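In terms of UniProt numbering, the sequence shown is numbered consecutively and its last residue is 329.
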Amino acid sequence: NINELIILNLSYLQTENQLKAEKSNMTTITEFVLLGFSDIPNGQWILFGIFLVIYLTVLMCNSIIILITRIDPGLQTPMYFFLNNFSFLEICYVTATVPRMLMDLLTQKGNISLVACATQMCFVLMFGASECLLLTVMAYDRYVAICNPLHYPLVMNHKVCVQLAIASWVIGVPVGIGHICQIFSLPFCGSNTINHFFCDLPPVLKLACGDTFPKEIAVYIAAVLVLMVPFLLIVVSYGKIIANIVKISSANGRGKAFSTCSSHLIVVVLFYGTATITYLQPKSDHSEGTGKVISLFYTIFIPTLNPIIYTLRNKDIMMALRKLSKLLR
């Protein structure tokens, strides 16, 4: 009996020490390590050059769109007002991830404090949510223009446009902060390495320990609401737009009506396709390598393509660019 009591006491002490060690690990983790592209050790400088060029391209192209939509008299319409906001949002969205990634590639160190990680994730989620909402507003604008053209100037007056744009930006703030409160209220133990190039939600959530299931469900539900509700509104808008375009008798009229929506529709498909795979895929199905590649698309490559999509497929913007180039000569 004495031997059994000794064994039980030793077992209890061992368990207690393990719990203390785990608690100690939880409290001593003050930073994460972003692995980034460390699996390509010989390509760090090449990647730095590629991403620097991409970042500068995003800044330059979106800045040009902002400039011409502000100064060109022919682009003073709700459609281009929202495009102006969208271009600025793209600059903010890319700036939340790429400068940090470039610094890590340059120094070949990925150390990031918990506060910096939480801040980065907050901005990425905040701008991502705002992008979902702004794309929805742009779809609504096209719906009113095509399905209710006579009342378009009244429905989409300047005051309404400003209110919709502000709402898109402001609603993204509680989304970002809410997710951060959910994730970073969890304890982190064990490994502190994140196999990613920025603090994205899925890889950070993997490092949390304890009973994370309730938090995961809350995050998943929030992601469904933020992504799927705007997406469904966009689908409804385009359903009605297509129904109205089909009714137009002339082929030229149908082509002109659809051309005003095609750029936006391409951007919606690209953004929602990659974001849905990242945030709505079950946690068990996440491959770290695949998740990293998909994240590259919706955080860097798609924002690079967006200005090209909008300029090449839009005659008004191309005309405004020609006017601007003539003025600069």
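All C-beta atoms, glycine included, are put in the ideal place defined by N, C-alpha and C. What you are looking at is a predicted structure, and each value in this text was computed from that prediction instead of being measured.
When you compare only the Cα positions, how much space is there between residue i and residue j?
i           : j      : result
Cys209      : Cys181 : 16 Å
Val137      : Tyr238 : 12 Å
Cys189      : Phe258 : 53 Å
Pro230      : Cys132 : 6 Å
Asp316      : Leu75  : 7 Å
Leu312      : Met319 : 11 Å
Thr30       : Leu114 : 6 Å
Leu321      : Tyr80  : 14 Å
Gly212      : Tyr220 : Reading off the sequence shown, one finds Thr at residue 212, where the question assumed Gly. Looking at the two C-alpha atoms, the distance is approximately 12 Å.
Ala145      : Tyr152 : 6 Å
Asn314      : Ser325 : 17 Å
Gly43       : Gln108 : 11 Å
Leu270      : Leu135 : 12 Å
residue 336 : Pro78  : The requested residue 336 does not occur in the structure, where the chain is confined to residues 1 to 329.
Ile302      : Ser249 : 35 Å
Lys23       : Leu186 : Bear in mind that a pLDDT of 48 at Lys23, under 50, signals an unreliable position, so the number given afterwards is only what the model happens to contain. Answer to the nearest angstrom: the Cα atoms are 12 Å apart.
Lys292      : Leu150 : 47 Å
Val160      : Trp169 : 14 Å
Leu328      : Val246 : 42 Å
Ala116      : Cys122 : 10 Å
Glu16       : Tyr272 : Here Glu16 scores only 44 on pLDDT, less than 50, and its place in the model is too uncertain to base an answer on.
Leu225      : Ile171 : 12 Å
Arg254      : Ile217 : 44 Å
Looking at residue j and residue i, is the spacing between their C-beta atoms short of 8 Å?
i           : j      : result
Ile194      : Phe297 : no
residue 357 : Ser191 : This structure cannot speak to residue 357, because the chain is shown only from 1 to 329.
Val173      : Thr299 : no
Thr304      : Thr57  : yes
Phe37       : Val98  : no
Ala118      : Phe184 : yes
Phe198      : Arg70  : no
Ile66       : Ser87  : yes
His196      : Ser295 : yes
Asp72       : Lys323 : yes
Val124      : Ala96  : yes
So what does DSSP say about residue i, is it helix, strand or coil?
i      : result
Thr193 : strand
Asn111 : strand
Leu327 : helix
Phe198 : coil
Phe37  : coil
Give me the Cβ distance between residue i and residue j, rounded to the nearest whole Å; I'm assuming they're in contact under 8 Å.
i      : j      : result
Asn85  : Ala165 : 5 Å
Gly178 : Ala222 : 7 Å
Asn62  : Ile91  : 5 Å
Thr276 : Leu227 : 6 Å
Leu89  : Phe48  : Not confirmed; about 25 Å, so no contact.
Asn244 : Cys147 : 5 Å
Ser263 : Tyr310 : 5 Å
Tyr279 : Leu201 : 7 Å
Thr290 : Arg142 : Contact doesn't hold; Cβ gap of about 33 Å is too wide.
Val268 : Ile234 : 6 Å
From what residue to what residue does the alpha helix (DSSP H) around residue i run?
i      : result
Asn85  : Pro78 to Thr95
Asn62  : Gln44 to Ile71
Phe32  : No alpha helix (DSSP H) contains Phe32, which is instead part of the beta strand (DSSP E) from Glu31 to Leu34.
Pro214 : Phe213 to Lys247
Gly176 : His158 to Phe184
Tyr310 : Ile302 to Leu312
Pro153 : Tyr152 to Val155
Verify the contact flag: residue i, CB atom, against every heavy atom of the ligand GDP, threshold strictly below 7 Å.
i      : result
Ile171 : Here there are no bound small molecules, and the ligand GDP is not part of this structure.
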